[in-house]
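**Student:** Just so we're aligned, residue 9 is where the sequence shown starts under my numbering, counting upward by one. Glycine included, every Cβ here is placed at the ideal spot set by N, Cα and C.
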Amino acid sequence: MFNNKKILVVYYSRHNNTHRVAELIARTLGAKTERLIDKKDRSHLLSWFKGAFDEELKTPTTIQPLKNNPKNFDLIIIGTPIWDGICPAIKTFIKQNKTKIKKLALFITFGASPENAQYIMEKLSNKKPLATLEVQDRQIDNKEYIKKVKEFCKIINNKF
Ligand SMILES: Cc1cc2nc3c(=O)[nH]c(=O)nc-3n(C[C@H](O)[C@H](O)[C@H](O)COP(=O)(O)O)c2cc1C
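1. State the Cα-Cα distance for the pair K162 and P73, rounded to the nearest angstrom.
2. Check whether the Cβ of F160 lies closer than 6 Å to any heavy atom of ligand 1, and answer yes or no.
3. Smallest Cα separation from T117: which of Y20, Y19, V17 and T26?
4. Quick one, which of A139, E31 and D46 has its alpha-carbon nearest T100's?
5. Let me know the secondary structure DSSP gives F115 once reduced to three states.
6. What does the alpha-carbon distance come out to for the pair A44 and I98?
7. Residues in the same chain with beta-carbon distance under 8 Å from K167, minus the five sequence neighbours each way, listed in chain order, please.
8. Does D149 come out as helix, strand or coil in the three-state DSSP assignment?
9. Are E31 and N76 touching if we call contact CB-CB under 7 Å?
10. Taking 6 Å as the limit between beta carbons, can you name the residues of its chain near V17, skipping five residues before and five after?
11. For T88, does the count of other Cβ atoms within 10 angstroms reach 16, so buried, or fall short, so exposed?
12. With DSSP as the reference, label E170 as helix, strand or coil.
13. For K48 versus T69, is the C-beta distance shorter than 7 Å?
As structure tokens, then:
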């Protein structure tokens with residue numbers, strides 16, 4: 009709860025980078041979290057180099073039922089790792105829930121380039137985000153992400 013408003017952080021994470029960023033955002037804003045579970049086993053996509061350009065990343069997936077109903081929240085903050093674009097679970101979430109999203113903010117984790125993921129998420133959701141955040145893996149390792157998350161939350165605080 010933030011200023012009496014309800015916030016949900018929705019994210020997918022395979023190797024916990026996005027999870028770490030999501031948890032810090034949620035703690036800072038007093039938000040709930042919803043970690044998406046992709047029903048498709050992607051454990052064979054061991055690394056970006058082996059998996060990123062696999063055709064299966066482009067095909068739609070199904071996700072496990074959500075614990076929270078997005079329509080009960082004033083703001084949804086969506087986080088995706090870059091998997092040669094937005095990861096499949098996040099694409100599915102946005103497609104299934106875009107009419108329930110009142111206000112939106114976005115964050116992205118990536119190894120080399122955030123690509124045009126923000127633009128694609130804006131297009132898919134048909135919403136202009138209040139704030140956006142891009143975190144490179146090395147900024148998680150060296151803890152620079154903490155400052156970036158604080159700035160992101162401050163922007164949300166000012167606009168929300
Ligand atoms: C299957 C796969 C594909 C990836 N593709 C890209 C990519 O195209 N560009 C990039 O910059 N990073 C890519 N990465 C790196 C991830 O975006 C980055 O490590 C991210 O922080 C992972 O988030 P997670 O730990 O929450 O799963 C890829 C990683 C995996 C596992």
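**Tutor:** Checking against the coordinates, here is how it stands:
1. 31 Å
2. no
3. T26
4. D46
5. Of the three classes helix, strand and coil, the one that applies to F115 here is strand, per DSSP.
6. Here residue 44 turns out to be Leu, not Ala, going by the sequence shown. Near 8 Å, if we compare the C-alpha coordinates of I98 and L44.
7. L138 and A139
8. helix
9. Against a cut-off of 7 Å, the Cβ pair of N76 and E31 comes out as no contact.
10. A30, I33, A34, A39, T41 and I85
11. The residue in question, T88, is buried, as its Cβ has 16 or more Cβ neighbours within 10 Å.
12. Outside the displayed span of the chain (9 to 168) sits residue 170, for which this structure offers no information.
13. With contacts defined as CB atoms closer than 7 Å, K48 and T69 qualify as a contacting pair.
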